[in-house]
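Worksheet: one structure, shown below.
Protein chains: 2
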Amino acid sequence: MPVVDVHTHMYPPVYMDLLRARDKVPYVKSFPDDPAAGDRLVILPAEDTTSTSRGRPIGAEYYDVKEKLAFMDRHHIDVSVISLANPWLDWLPSDEAAETARKVNDDVERMCAEHEGRLFGFGTLPLSAPAEQVVEEIDRLSKLPHHRGIVMGTSGLGSGLDDPALDTIYAALEKHGQLVFLHPHYGLPTSVYGDRASDYGHVLPLALGFPLETTIAVARMLLSGVWDRFPKLNVLIAHSGGTLPFLAGRIESCIAHDAHLKKEGKLGKRRDVWDVLKNNIYLDAVIYADVGLKAAIDASGADRLMFGTDHPFFPPLEEDEGEWLSVKLNSQAVRSTFGDDPKNAAAIMGGNAMRVLRLSS
Amino acid sequence: MPVVDVHTHMYPPVYMDLLRARDKVPYVKSFPDDPAAGDRLVILPAEDTTSTSRGRPIGAEYYDVKEKLAFMDRHHIDVSVISLANPWLDWLPSDEAAETARKVNDDVERMCAEHEGRLFGFGTLPLSAPAEQVVEEIDRLSKLPHHRGIVMGTSGLGSGLDDPALDTIYAALEKHGQLVFLHPHYGLPTSVYGDRASDYGHVLPLALGFPLETTIAVARMLLSGVWDRFPKLNVLIAHSGGTLPFLAGRIESCIAHDAHLKKEGKLGKRRDVWDVLKNNIYLDAVIYADVGLKAAIDASGADRLMFGTDHPFFPPLEEDEGEWLSVKLNSQAVRSTFGDDPKNAAAIMGGNAMRVLRLSS
């Protein structure tokens, strides 16, 4: 059974050109006078400081498909389903978005075609464009031979995934059976981490901000009835659902005890979180420990989890490390969970992705 | 084996008098011209609106010990370890805090003594008072015969639980073997829930804000080295740890991949989250589903989970309901997890609390 990585990012060359041409977030900055400094990627307003450590290093592993393939070979990954890394096209002016999306998606399609059988892609939507242009791109993506869904952040059209204006887009995605890979970017307001957060490097926003942002976004989709209106809309949630598997019981209990929802007649007519977890939601296995992985499996089923690496993020701190620690932690979690059940382990490492994303065709 | 409820709140009469005498948050408002309206409790700034639905109803179940005992009898709970409900004494002027804490703690001690064997208490600290007065109250609480630890929010002295100024207090708690029951109150900034949050009643702040606040607070304690400096400090975390069991792997991975922490020499010399989960942290079983409960047990061990109800919060929406749904969901989760293992179920329902909190003496 092949190993498939469903959570692996790239900035294809077309997108890199966009970032290099900019000087505000998001952008890539070069230092021609100091080649040793390397290029820096700045994707969050908080990273856009005037210090020399502005942003984070960005190298060829972000945009060169050869680096992706070398990483796959080193980690025995047969197939990768690449997605544009955050912040996608959320930031584009409305009148540039549709054309840029086509270029970026075509660039991904080209890379996949050049490495037949090894690469597939999730497309990116021009969410700042008028809705009909977004729908057009969904129609177009569904015909690209190597695309298998779309990647999307939690902002939607700018006010979250519970925005009724997204219904046209959800309808188009459902109609074409296009999976949504839901991924965080915006985190939480930095005030929640307190006055000493910088002592802890990037740990609090990365370890907690990202999964909490994701959980809030999914809960808003659930509460606004997205899956009641679009019962066949499928979503692959990054980082094993944020914290959704763990908090699902509390979410349902809070709903069942909410006087406002009862008064509005919203109890009893809805699909609950367990139903959605088992019928609409897929979870990647990017969770770094068997405790979380088991909870994700308990919530959605071993047939709905899919291995991922989050490459090229979380590189090893030691340069000569062969296998990346971040990859090892995730594959170890699968092995530890299914020590005596190689069939389910193989399903999570690749079989589920092959089936759900139709990768063998 | 007795059933013990370690997560159950009261506002003892002394505290109710304080709330009734106030007209800003936190306070209790009566409507003498409209007795049917009942009293209203306002504990969060966001609840302090001018609408008639200001705050939430507050009845005798919040302050009358007879109501607590009736609830226990109805749910076959043998022993309750009561704690002051949020926002505790966080809001008190510095010069009033110590005396008020003594009065509140003595009021709880009196109630417990009047119902020998059925009630124990977690004390409340005067955190706005000078540190020596806080330590004095810890000394005093450790001699009160029915007290078994203290309840504390995530604010600490005002800037979080990673505040080095808390070290004197952590040292006193560790010295006396006083368990800290860590409980959320402040939630997250409301902006994170988006423009349509009010459509969903209180679900998002209660279901997500509370556990996320708790998780951030515990991660800050871990990262600031609280458990490295106080290796015997024990903390009982509300709501099964917020989301800590699920995110523990991601927290450790983000630490291991953080260039800043490495540069500062902070990797390798620290106790990791798994060590702390299994040696310093206890978790209540207020999680409303077996998926989350199993993850909590996987993270900390079946000997570290303790049943709780969160009474008097989350009352049933139907008045004539006998057993409260919120209680039933939590006890069902224990039964469902340990269907074939009554020993571990009994430990979580009461045995662990009897042992850890020394309730039989």
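Quick note, the sequences are listed as chains A and B, same order. In terms of UniProt numbering, the first sequence opens at residue 1 and continues consecutively. In terms of UniProt numbering, the second sequence opens at residue 1 and continues consecutively. Heads up, the beta-carbon is just placed ideally off N, CA and C, and yes, glycines get one too.
{"query": "Test: Cys-254(B) CB closer than 8 Å to a CB of chain A", "result": "yes"}
{"query": "Stretch pair the stretch 154-164 of chain B + the stretch 118-126 of chain B: three plus CB contacts closer than 8 Å", "result": "no"}
{"query": "Counted within 10 angstroms of its Cβ, other Cβ atoms place Gly-59(B) as buried (16 or more) or exposed", "result": "exposed"}
{"query": "Nearest neighbour of Glu-109(B), chosen from Met-354(B), Pro-93(B) and Val-81(B) [CA to CA]", "result": "Val-81(B)"}
{"query": "Identity of the residue in Glu-137(B), Met-306(B) and Glu-319(B) nearest Ser-331(B) by Cα", "result": "Met-306(B)"}
{"query": "For Ile-255(B): DSSP bridge partner residues", "result": "For Ile-255(B), which the question treats as bridged, DSSP gives no partner whatsoever."}
{"query": "Distance, Gly-350(B) Cα to Val-4(B) Cα", "result": "4 Å"}
{"query": "6 Å Cβ shell around Pro-312(B) - same chain, five flanking residues per side excluded", "result": "Glu-61 and Tyr-62"}
{"query": "Element boundaries [beta strand (DSSP E), containing Gly-121(B)]", "result": "119-124"}
{"query": "Rounded straight-line distance, which links the Cα of Ile-237(A) to that of Val-180(A)", "result": "8 Å"}
{"query": "Pro-45(A) classed as buried or exposed, judged by whether at least 16 other C-beta atoms fall within 10 angstroms", "result": "exposed"}
{"query": "Test: Phe-338(A) CB closer than 8 Å to a CB of chain B", "result": "no"}
{"query": "Through-space distance from Phe-210(A) to Arg-22(A), alpha-carbon basis", "result": "25 Å"}
{"query": "Which residues DSSP lists as bridging Ile-150(A), in chain order", "result": "Gly-123(A) and Val-180(A)"}
{"query": "Members of the stretch 219-232 of chain A that neighbour chain B once the beta carbon cut-off is set at 7 Å", "result": "Ala-219, Arg-220, Leu-223 and Ser-224"}
{"query": "Chain-ordered neighbours of Thr-215(A) on chain B, where CB pairs are closer than 7 Å", "result": "Leu-208"}
{"query": "Lys-294(A), buried or exposed, once every other Cβ within 10 Å from all chains shown has been counted against 16", "result": "buried"}
{"query": "Secondary structure of Arg-358(A), DSSP reduced to three states", "result": "coil"}
{"query": "Which of helix, strand or coil DSSP assigns to Pro-57(A)", "result": "strand"}
{"query": "Local conformation of Met-1(B) per DSSP, three classes", "result": "coil"}
{"query": "Own chain residues within Cβ distance below 6 Å of Thr-243(B), not counting five before or after", "result": "Pro-211 and Thr-215"}
{"query": "Under the three-state DSSP convention, the category Lys-29(B) falls into", "result": "strand"}
{"query": "Residue interval of the beta strand (DSSP E) (run including Tyr-11(A))", "result": "First-last for Tyr-11(A): undefined, no H or E at that position."}
{"query": "As assigned by DSSP and simplified to three states, the class of Phe-115(A)", "result": "The sequence shown places His at residue 115(A), rather than the Phe named in the question. In this structure, His-115(A) counts as coil in the three-state DSSP scheme."}
{"query": "Segment contact, 8 Å Cβ cut-off, at least three pairs: the stretch 186-197 of chain A with the stretch 216-224 of chain B", "result": "yes"}
{"query": "C-beta neighbour in chain B for Asp-195(A), strict 8 Å", "result": "yes"}
{"query": "Cβ of Phe-307(B) within 8 Å of any chain A Cβ", "result": "no"}
{"query": "Residues near Ala-97(A) by beta carbon distance below 8 Å, same chain, minus five either side", "result": "Leu-89, Pro-126, Leu-127, Ser-128, Ala-129 and Gln-133"}
{"query": "Thr-337(B) vs Ile-287(B) beta-carbon contact at 8 Å", "result": "no"}
{"query": "Residue from His-76(A), Ala-207(A), His-9(A) and Val-14(A) with nearest C-alpha to Leu-84(A)", "result": "His-9(A)"}
{"query": "Contact set between Ser-326(A) and chain B, taken where Cβ atoms lie within less than 8 Å", "result": "Ser-253 and His-257"}
{"query": "Collapsed DSSP secondary structure at Asp-73(A) in the structure displayed", "result": "helix"}
{"query": "Straight-line Cα distance separating Gly-201(A) from Leu-92(B)", "result": "34 Å"}
{"query": "Length of the line joining the Cα atoms of Leu-240(A) and Asp-39(A)", "result": "Reading the sequence as shown, one finds Ser at residue 240(A) and not Leu. Looking at the two C-alpha atoms, the distance is approximately 31 Å."}
{"query": "Spatial distance of Ala-207(B) from Cys-112(B) (CA atoms)", "result": "31 Å"}
{"query": "Exposed unless 16 or more other CB atoms sit within 10 angstroms - verdict on Glu-252(B)", "result": "buried"}
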